[in-house]
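Reviewing the structure listed below.
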Amino acid sequence: MAEELPTAREVVRAAHGEIAGHVRLSHHARALRRRRLATVEGPGFLVDLPTTLSVEEGDAFRLADGRLVMIEAEPEALLEAKGELPRLAWHIGNRHAPCEIQGDRLRVLADPVMARMLRGLGAEVTEVTAPFRPEGGAYGEGRVMGHDHGTSADHHHGIGDLGHDGHSHGPHRET
Numbered sequence: 001m002a003e004e005l006p007t008a009r010e011v012v013r014a015a016h017g018e019i020a021g022h023v024r025l026s027h028h029a030r031a032l033r034r035r036r037l038a039t040v041e042g043p044g045f046l047v048d049l050p051t052t053l054s055v056e057e058g059d060a061f062r063l064a065d066g067r068l069v070m071i072e073a074e075p076e077a078l079l080e081a082k083g084e085l086p087r088l089a090w091h092i093g094n095r096h097a098p099c100e101i102q103g104d105r106l107r108v109l110a111d112p113v114m115a116r117m118l119r120g121l122g123a124e125v126t127e128v129t130a131p132f133r134p135e136g137g138a139y140g141e142g143r144v145m146g147h148d149h150g151t152s153a154d155h156h157h158g159i160g161d162l163g164h165d166g167h168s169h170g171p172h173r174e175t
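Per full-length UniProt numbering, the sequence shown starts with residue 1, numbered consecutively.
In structure tokens, the structure reads:
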């Protein structure tokens, strides 16, 4: 008979309290509804939330017994870009890519197409491994969702156009 895992059905924002453990999640893994996770310390638990949520470093899952499992941002492969930041940020945003703003540099998830685009815009691009803490969606309404256009043949992201060519999107945010 399988052991029943402790279950978390609630997220506590900017949590304080008795800490049962820590869990490290990548940027993409921090958007979840139901998933089995393991703490850094070893024990597993089940997350079973009523809706999909974006959780951030410093938030915690509250287990049924009241203990908290703190969320940490897992180090992951990133591109760090320095240069003309407003212009670089505009092009990153035009691709609906999550972006972390750090004073004199921008960070995005590592991607060869993004690296080529940033270098093509004159950025100094460095590959780094670090926790990724991108800005939230517009007006504080959640995370910016990934940029996916399915199999559309009329969508271009070549270096020559450095952006979009006449298409529109529905909402890209999580509510």
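Cβ coordinates follow ideal geometry from the N, Cα and C atoms, glycine included.
This structure is a prediction, so every number in the text was calculated from the model and none was measured.
Boundaries (first-last residue) of the alpha helix (DSSP H) holding residue i
{"i": "P86", "result": "L85 to N94"}
{"i": "V113", "result": "P112 to G120"}
Other residues of its chain near residue i: CB distance less than 8 Å, five sequence neighbours each side excluded
{"i": "T129", "result": "P75, E76, A77 and L78"}
{"i": "A64", "result": "P6, T7, A8 and R9"}
{"i": "V11", "result": "L49, L53, V55, D59, A60, F61 and R62"}
Of the listed residues the options, nearest to residue i (C-alpha basis)
{"i": "E56", "options": "A97, T126, I19 and A29", "result": "A29"}
{"i": "R62", "options": "V113, A15 and R133", "result": "A15"}
{"i": "I92", "options": "D104, V113 and G103", "result": "V113"}
{"i": "A60", "options": "E100, Q102 and G17", "result": "G17"}
{"i": "S26", "options": "G44, P131 and R105", "result": "P131"}
{"i": "D111", "options": "Q102, R105, P98 and D104", "result": "P98"}
{"i": "L121", "options": "P43, R35 and L85", "result": "L85"}
{"i": "G58", "options": "R13, L106 and R36", "result": "R13"}
Nearest-angstrom beta carbon gap, residue j and residue i [assumed within contact, 8 Å]
{"i": "G21", "j": "E3", "result": "Not confirmed; about 16 Å, so no contact."}
{"i": "I101", "j": "E135", "result": "6 Å"}
7 Å CB neighbourhood of residue i in its chain, flanking five on each side removed
{"i": "A123", "result": "A81, K82, G83 and L88"}
{"i": "R24", "result": "V40, E72 and E74"}
{"i": "M70", "result": "A15, I19, H22 and A60"}
{"i": "R133", "result": "E57, A73 and E100"}
{"i": "D104", "result": "K82"}
Bridge partner(s) assigned by DSSP for residue i
{"i": "G66", "result": "In DSSP, G66 forms no bridge with anything."}
{"i": "E80", "result": "R107 and T126"}
{"i": "E72", "result": "R24"}
{"i": "A60", "result": "V12 and M70"}
First through last residue of the beta strand (DSSP E) which encompasses residue i
{"i": "F132", "result": "Looking at the DSSP string, F132 is not in any beta strand (DSSP E), and its letter there is neither H nor E."}
{"i": "D48", "result": "G44 to S54"}
{"i": "H22", "result": "I19 to L25"}
{"i": "A31", "result": "A31 to A38"}
{"i": "A8", "result": "T7 to V12"}
{"i": "E100", "result": "E100 to Q102"}
Same chain, Cβ closer than 6 Å to residue i, neighbours up to 5 away in sequence not counted
{"i": "V125", "result": "L79, A81, A115, L118 and R119"}
{"i": "G160", "result": "Confidence is the limiting factor: at G160 the pLDDT is only 44, short of 50, which leaves the residue's position unreliable and the question unanswerable from this model."}
{"i": "L49", "result": "R33"}
{"i": "R35", "result": "V47"}
{"i": "T151", "result": "Legend: pLDDT at T151 = 37, less than 50; position of this residue unreliable, no value from coordinates given."}
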